[in-house]
Every structure is written in C-alpha cells, then in structure tokens.
Amino acid sequence: MDDRPPSGKTNRLAQEPSPYLRQHATNPVDWYPWGDEALARARAENKPILLSVGYSACHWCHVMAHESFEDPDIARLMNEGFINIKVDREERPDLDQIYQGVVQLMGQGGGWPLTVFLTPDLRPFYGGTYFPPSDRYGRPGFPRLLSALRDAWVNKASDIEEQASRFQEGLGELSTHGLDADPAHLSAEDIVAMGQSMLKRMDPVNGGFGNAPKFPNPMNVALLLRAWRRGGGEPLKAAVFRTLERMALGGIYDQLGGGFHRYSVDERWLVPHFEKMLYDNAQLLHLYSEAEQVESRPLWRKVVEETVEYVRREMTDPAGGFYATQDADSEGEEGKFFVWRPEEVRAALAVGPQADTVLRHFGIKPGGNFEHGATVLEVVVPVEQLAKEQGRPVDAVEKELAEARRVLFLLREQRVKPGRDDKILAGWNGLMIRGLALASRVFNRPDWARLAANAADFVLANMWDGKRLLRSYQHGQGRIDGFLEDYGDFAAGLTALYQATFDAKYLDAADALAHRAVELFWDEEKQAYLSAPRGQKDLVVAAYCLFDNAFPAGASTLTEAQVTLSALTGDVCHLDHPEHYVAKLHDQLVRNPMGYGHLALAADSLLDGASGVTFAGTREAVAPLLASANRTYAPVFSFGWHDTSAPPPARLQELFEGREPVEGKGAAYLCRGFVCERPITEAGLLAERLVAAPGH
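Note that the sequence shown covers residues 55 to 750 in the numbering used here.
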C-alpha cells in the first residue's frame, strides 16, 4: 500500500502543531507523527519503522530533507519498505534520549538529524544521523541503506532479531549507567578537583572546551567559577573570563542583534551554525551575570543587555511566553540573514571614515571569512586600538560604531528573517526565567524581572493546573505531558524569580512542582529520576534523567530547585532527595564532570546545607543590603525578604519569625550549614560574609 501524497498534496504532518513536523508536510514520504496509529500499522503489517528525529532550527535536518525526503525515488523506497515516523525532539526529549543511545552504541557521535530503524515493538536494529543521497563523506547513500535494510528485514530476520536484542540490552545499560555505584559523600575538595579536571580540557588560547566544533557549554564554564570560589586558584577564573570574552567578540555572538548562535564550527568562535536556541541564551545570560558579580566589566553588561533585548524582540510571545528556536537558514541559505560584504556596508554608511572604521572593526574584507565571499561579523580590531590609530578619544569611536551598528541592524531587519519555532516549552521557559531573574538582580533591571514574570504567569495560567504540567503550548493549545526537565527547569526558574520579585506565589508554585516531580519521576529503588513519567507506554526501555548535555538534565535543575526551596522556606524535607541523588551520582560526578555540569552546580550549593539570607525591614530599609548581595558572587546562597510592613506569606511565617529589623535598621539574617550568624546591618559586612569560606 502506497499512501504517498500526490505531487502538491500534503501528508499527515500538515495537521501537526510542531513547525518541524509541518516543514515535512509536502514531502512525498508517507510520514506519520509518533503515536498509536503509526505503531499499530507497523505491527499489523510487520514492517520496520524508520524513525527520523530533528528540530526546526537544525541545518543538517533541512539538508537531509531537501536531498532525500523531497526526492520521489527515495520517498518511494521509504514508503514501500518502512513505516515512516517524524519526531520533533523538542516535543519528545525522552524518545530522542533513548534512540540517541543507538548511535552511541554504534561508536558514533550523536546529533541531529537522528535516523533510527526499529522493529514494530520499538527495538532499534540500526541507526545513524545524517545520510547523504549517495555515497559520500564516508557515509553510505540513503537509498543504498534503505534497500539493504529492507532486504535484511525480509531475508535475514534472525540477524535483525539478534541485533535488536543486543541494542535493547545496550540501551538499558546506557540508561542506568552509574546507578549501581555505592553512594558517597561529595566534598568541597571534589568540586575543586572537578574544576581542575575540566581546566585541562580548555583551549588556553580561545577558551572553551576542546577544538572544533566548539559549544558554549555554559554550565561547565560555571562549574570552573564554583571551583575557583572554593579555592581552586586564579587559572580557573582566568579560563572562564577568556572563554566569555572570546565568545562575546566572536561570530558565535550576533554582533548586531545580540544573542548567541548554537555553536562554532571552528575552534575560535568565528563561524557559527546560525540557529539560536532559547536554552543557550538562557544559560549564557545567567553565566555572564555571574561573571559580572565576580568582576564587573563593560563587555559583560553589553552582552547581557543585548541578549535580553534580542529575547524580548524576537523570542517573546505577546502573551508572555518565550519561543523555542530561530532557524539557521533564510532564503534557502545558512547564515544569509547575518553576513555582510564590504560593498553592502559602504552603501549603508556612505563613503567615508565611518565605513572604514566599521569594516576594520569587524574584519569585513573582500573574499570574506564565510561562504560566497561573505563575512561573519567578529570584533577583529578593538575600539581602543582604532582610537589610537585614528588619534581620537575612545568615547568618540565607540559612539560612531554604536551608530553604525544601529544603521546596519535596521538595514538587516529588512532582510528575509530566519524561520522561528513559536512553540512555548515549559522547561526552556524555566531556564530563561532563571537567567533573566539573576540578570535583573545583578544589573538592577526590574523590567527584566517583569519580562521573566510575564513568562512565568503565562506558563502557570496555561500549562500548569496544580497537578499536571504540560510541555508545549502552541496556537492556543497546550499539549504533551511534561517531562522531568519541564518540572525541574520551571521550578528552578520560579525559585530564581522569587528572589528577583519576592512574590510568594512563585515560591508556592515551585514548591508544588517539586513535590509533584518527585511523585511522578523518582525511582526509589534506583535512587534516581526517570526522564518521562512512570508508566510511559511507548518507550522501549526506561529512560533515566542523568546527563547534562547542551541543556541541563531535569534531575539537575530539580535538585537545584529543591536545595533553593529548602533555603527559602526552611523546609529541610526538600533536601532528602538531593542528598540521596547526589550521593548516588558521586562517582560519576567526580569521574566525568563534563557530563554532569549542572548537577555539580546544584551539588555545590547542597554542600553548604541550603544556605540563605533573609532580609528584614521595609523595602527602603533593606535596599542597600539587597543591592550589595545582588552584586556579590555568592551562588550557593538564596535570598528571601521579610517585608515588615505587611503580614508574611503563610508558607514563610515560621521562617521569618524572630527575623526583624535591628534598632530600626534593615537587617540580613545569614544562615549556612544549618547555623545562623548574628544579624548584619552593614552592606559591606554582608558582602564579606557572603564570600567568606564556610566556618570562617
């Protein structure tokens, strides 16, 4: 049976809300979305499943779609031999997590597009990522692969069965890797050792980890700062600052519009893959804000201000939520929207010294540094050097460049923009809320806290009913039960938002989410969290939520939220699961810190026993103390406010009892390791106590 849509017609994916699935709606492939209909047909016809996983902003997903899925001959092979299923990995991260394991077991790097072949009972028997339409790049051509696998399915059933059984066993082992270790106590020395281990993997020239391709990896960079704070030495801080500076000046950062692209194809942050992901920018906002707390620099402020403006301008729904991604491609070309040629700059700025200054500053030359003679903007000649060469004040050159950037940005806005995936994901919104909340505190920008609060209010109103959190919202409809990452990320975002607004409703919601997450995802026997709710029926193996990759695992953000909730509410019960989980993962954390960066951040906070500061007094009275605390790098502390001009929220009544102003002055009550100090009324002393080593 060939259900291939006739030319010009659409397939089933046209009815799907996911922009990624709809991108394939006119393919001649008989695509199904993941669901009962497709799986039932595979069983009824005893046909193998071709599972293709990607996301809307993925460049190589587009390439494979154009080369193979739009080709009628290749589509015919797919339709005749397989039940073809498309999955948006942003909607079903649990499926993606499991089947990425197939590629790992085959000794390949994972990534997208992910192409996996399954038996009708969902056991994989072959997989890979991108396959070209003919043999090249050392990869088999997709038509040849399809024919070979169809032949094996028909004529070598025992081989397929053996391979599927091996993969299922291997996936089960991968899913629980490290969970058989004996629990052990994590120490401050472990945090330092983890930072030192990661320092050895950093590029001493360009910053970041390893060589090309190079990813921002913000949680692992943040861990180096934690190790520095614990006494690991200045090289740790220097490596962090080198990384942040090189990224901010490179092509991975959008020099005109703000925000970071996903990664760099080279080792020096020059040429990116141009998609922009909400989760990257969320984590980088948080990291650059922490860097500002460590040492204030104009570059950190510039990056944070421009990135927030990018998010507000491009990634914020009118109703408040944040969109998921922006594409790499426009008009069929990767990066076309972002790159420049000298003649375009000269035409925009007119002939004269301003154009020459801009061309030199950003390294825009004939021939360019990218495809077709175009240039990806990077800061090649700093403002100070330009000013020296031109014999002009630095301020004058900066002003001229700022005006030129404004003109070029407005001109760029007239170009065809990359596509945008406008689904609102609960978890990724939580990460952005977390980043914006910290940035608002560090840079004293209450408008950024309002931006975060608008998103939180949207998710709470449309995606959370007190018992069930939805993962995705699009076109007026919430859908898909939330995964652990949604509960963990959103709870972490809400605890951060409470510390920026001191609105107790966010604390109440975070508390409810954390308790519900334990009910849905905690496995008492393994002392670990499942990625999907217990009892999820369409998974070939149980998926445990362990590794921090491009974005943190839900188990890591939930652990962070639980430690913070314990500090903010005084409820030590919130520490039970973090203590058990971190102890269980101790060996993996110490052996492989690169794979557990965000969990290490949460574990570092746990070491100090849910440390917190309660400010007591009117807003005016506590303002100097609060401002000092917000500018201080004290990542293990959580901040609450007892507004003595109003009754305390019910949840905080017991915690706030006895915490009052001192002799009419606003006071800060600092507690760490379950021991509280005398109240502090001087802002300078509070900053000193926040950075003091435990026990000092």
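Where is the CB? At the ideal position from N, CA and C, for every residue including glycine. These numbers were taken from a predicted model, which means no experiment stands behind them.
Taking residue i as the reference, which of the options has the closest Cα?
| i | options | result |
| --- | --- | --- |
| S384 | V595, M160, F328, E144 | F328 |
| V626 | A664, S494, H116 | A664 |
| P178 | P186, T169, F185, Y184 | T169 |
| I128 | Q250, L465, S188, G389 | S188 |
| A7 | D577, D592, L548 | Past the boundaries of the shown model lies residue 7; the chain is included only from 55 to 750, so the question cannot be answered. |
| D641 | D236, R143, W518 | D236 |
| Y552 | R495, W576, Q531 | R495 |
| P632 | V644, L655, G649, M648 | L655 |
| A98 | P174, F185, W576 | P174 |
| A276 | M252, V667, S229 | M252 |
| A401 | L462, T64, G417, V434 | L462 |
| S110 | Y86, D142, L131 | D142 |
| K559 | R685, L706, G417, H113 | L706 |
| P702 | N423, P447, K63, F556 | F556 |
| G108 | L131, N684, L75 | L75 |
| L660 | L324, T698, A68, S610 | S610 |
Should residue i be listed as close to the ligand GTP, given that the test is whether its C-beta is under 8 Å from any heavy atom?
| i | result |
| --- | --- |
| N498 | Here there are no bound small molecules, and the ligand GTP is not part of this structure. |
Look up residue i in the DSSP assignment and say whether it is helix, strand or coil.
| i | result |
| --- | --- |
| V294 | helix |
| W114 | helix |
| N483 | helix |
| I306 | coil |
| Y14 | Examination of residue 14 is not possible in this model, given that the chain is present from 55 through 750 alone. |
| Q468 | coil |
| Q162 | coil |
| A670 | strand |
| G445 | coil |
| V141 | strand |
| I418 | coil |
| E78 | Per the sequence presented here, residue 78 reads as His, with Glu not at that position. Three-state DSSP puts H78 in coil, outside helix and strand. |
| R367 | helix |
| Y342 | helix |
| H22 | The structure shown does not extend to residue 22, since the chain is modelled only from 55 through 750, so no value can be given for it. |
| L752 | Outside the shown range of the chain (55 to 750) lies residue 752, about which nothing can therefore be said. |
| Y86 | strand |
| T611 | helix |
| K330 | strand |
| V107 | strand |
| G694 | strand |
Let me know if residue i comes out buried or exposed under the rule of 16 or more other beta-carbons within 10 Å of its beta-carbon.
| i | result |
| --- | --- |
| A515 | exposed |
| K330 | buried |
| H120 | exposed |
| H426 | exposed |
| E388 | buried |
| H78 | buried |
| P647 | buried |
| H116 | buried |
| A336 | buried |
| D150 | buried |
| H239 | exposed |
| D84 | buried |
| Y635 | buried |
| K757 | There is no way to answer for residue 757, as the model of the chain reaches only from 55 to 750. |
| G386 | exposed |
| R255 | exposed |
| L464 | exposed |
| V451 | buried |
| K11 | Because the chain is modelled from 55 through 750, residue 11 falls outside the range shown and cannot be assessed. |
| R322 | buried |
**Asked** Should the segment 133-150 be called in touch with the segment 88-108, which here means at least 3 C-beta pairs below 8 Å?
**Response** Touching, yes.
**Item:** Length at least 4, wholly inside the segment 241-284: the alpha helix (DSSP H) runs in chain order
**Value:** Here the runs fully enclosed are 242-253, 272-281.
**Prompt:** Does the segment 216-228 come close enough to the segment 258-276 that 3 or more CB-CB pairs lie under 8 Å?
**Reply:** No: fewer than three Cβ pairs fall under 8 Å.
**Item:** Complete runs of the beta strand (DSSP E) confined to the segment 529-600 [at least 3 residues]
**Value:** With a minimum length of 3 residues, the continuous beta strand (DSSP E) runs that stay inside the segment 529-600 are 531-535.
**Request:** Examine the Cβ distances between the segment 331-348 and the segment 392-401 and report whether three or more of them are shorter than 8 Å.
**Result:** No, because fewer than three Cβ pairs between the segment 331-348 and the segment 392-401 fall closer than 8 Å, the two stretches do not touch.
**Prompt:** Does the count of Cβ pairs from the segment 432-450 and the segment 344-363 closer than 8 Å reach three?
**Reply:** Taking 8 Å as the limit for Cβ pairs, the verdict is that the segment 344-363 does not touch the segment 432-450.
**Prompt:** Are at least three pairs of beta-carbons, each pair with one atom in the segment 483-499 and one in the segment 535-545, less than 8 Å apart?
**Reply:** Counting Cβ pairs under 8 Å, three or more are found: they touch.
**Request:** Decide yes or no for the touch test of the segment 590-600 against the segment 733-742: beta carbon pairs closer than 8 Å, at least 3 of them.
**Result:** Contact fails: fewer than three Cβ-Cβ distances are below 8 Å.
**Prompt:** Would you call the segment 403-414 and the segment 451-466 touching, i.e. three or more CB-CB distances under 8 Å?
**Reply:** The answer is yes - the segment 451-466 touches the segment 403-414, with three or more Cβ pairs under 8 Å.
**Asked** For the 8 Å Cβ check, are there 3 or more pairs between the segment 208-221 and the segment 577-592?
**Response** Contact fails: fewer than three Cβ-Cβ distances are below 8 Å.
**Segment contact, 8 Å Cβ cut-off, at least three pairs: the segment 280-291 with the segment 245-252** = Yes, since at least three Cβ pairs between the segment 280-291 and the segment 245-252 fall closer than 8 Å, the two stretches touch.
**Message:** Does the structure place the segment 666-674 close enough to the segment 720-729 that three or more beta carbon pairs sit under 8 Å?
**Reply:** By the Cβ rule, the segment 720-729 counts as touching the segment 666-674, because three or more pairs are nearer than 8 Å.
**Message:** Just to confirm the assignment: which complete alpha helix (DSSP H) runs, minimum length 4, are found wholly within the segment 700-725?
**Reply:** Look at the segment 700-725 and you find these whole runs of alpha helix (DSSP H), each 4 residues long or longer: 707-710.
**Message:** For a minimum of 4 consecutive residues, which ranges assigned as the alpha helix (DSSP H) are wholly contained in the segment 630-689?
**Reply:** Here the runs fully enclosed are 630-638, 640-645, 651-661, 673-684.
**Every unbroken beta strand (DSSP E) inside the segment 175-244 [3 residues or more]** = As far as the segment 175-244 is concerned, its whole beta strand (DSSP E) runs of at least 3 residues are 178-182.
**Request:** Run through the segment 371-427 for me and flag every whole alpha helix (DSSP H) of 4 or more residues, listed as ranges in chain order.
**Result:** Listed in chain order, the complete alpha helix (DSSP H) runs (minimum 4 residues) inside the segment 371-427 are 396-403, 407-416.
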